[in-house]
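Numbering (the numbering used here), first residue to last: 98 to 313.
Structure first, commentary second.
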Amino acid sequence: MFAIDSGTRELLKYGQSPGSWASISEPAAEFAISGPDVFRLAQDRSAIHRWDGARGSWTRVGGPAGRIYGGGAGLFATDPVDGRIFAYRGKAEVWTYAGGAGADFAVTDHHLYGLNPERTAVFRWNGEGGDWSPVGGPAAALHASPSDVYADSAADGGLWRYRSGGWTRVGETGAAFGTRGERLYRLDKNRSAVWEWAGADWHRISGPVGSLVVTG
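Dropping the structure here:
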């Protein structure tokens, strides 16, 4: 289990006993998890590194990036200049082209999803460079759990889930979202409460917070 220190922005690793956390990384621009691996984008966005738990060190696996996105389907990074997105191939610094720039991306266990720059359509990457299929219409942002992708709708203020070729409204948009397994967490727009959704109903689990970070 990992967490980001709210003060220092360092990455902490849980030590298997109550209250036992140890810093394993200096502050970074972003962290991402893909399968068993943890990745970080350097604070100046100059390089991507992968955590080697056995050696207790970080190994460079990529150069400059604008954003990184992780999930079961892999690790992806955007070009800091033109926004194109690339897929990490799991060794050395091997990356392959996945698609053009997007307003947002999200990764499930099986697919990479992208929102086009105009935010008028959601697409799913088919695994080959530049090959995407449309799966949805306008959206403000994307989120992902292991099995599903979610989209914020600016039109009705709703949170929509994509599953089996169709979209279903499952709640309201929020200030932030996070997932742990198949559970979805939402911070209210006014940051007054945190809610948990496990597939049927939303349950309030916390009062006001400034930000939401979910790890697991």
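Using N, Cα and C, we set each Cβ at its ideal position, and we do this for glycine too.
Owing to the predicted nature of the structure, the values given are computational and were not obtained by experimental measurement.
Asked, Found
"In chain order, each beta strand (DSSP E) run of at least 3 residues that lies wholly inside the region 215-244", "219-222, 229-233, 238-241"
"Histidine 146, enclosing beta strand (DSSP E) - first and last residue", "145-149"
"Nearest to aspartate 149 (by Cα), restricted to the options Ala170, Phe173, Lys110, Trp229", "Lys110"
"Neighbourhood of threonine 205 by C-beta distance below 8 Å, restricted to the same chain and skipping five residues each side", "Gly168, Gly169, Ala170, Ala241, Ser242, Pro243, Ser244, Asp245, Val246"
"8 Å contact criterion, which arginine 139 and phenylalanine 173 should meet: CB distance rounded", "Per the sequence shown, residue 139 should be read as alanine rather than arginine. With a Cβ gap of about 17 Å, alanine 139 and phenylalanine 173 do not count as contacting."
"Endpoints, beta strand (DSSP E) assigned at glutamate 320", "Absent from the model: residue 320. The displayed extent of the chain is 98 to 313, so no value can be given."
"For aspartate 208, the residue or residues it bridges with in DSSP", "Per the sequence presented here, residue 208 reads as histidine, with aspartate not at that position. DSSP, once it has assigned bridges, lists no residue as partnering histidine 208."
"Local Cβ density within 10 Å of alanine 295, reported as buried at 16 or more and exposed below that", "exposed"
"When Arg260, Thr265, Ser261 are compared against aspartate 253, the one with the closest alpha-carbon", "Thr265"
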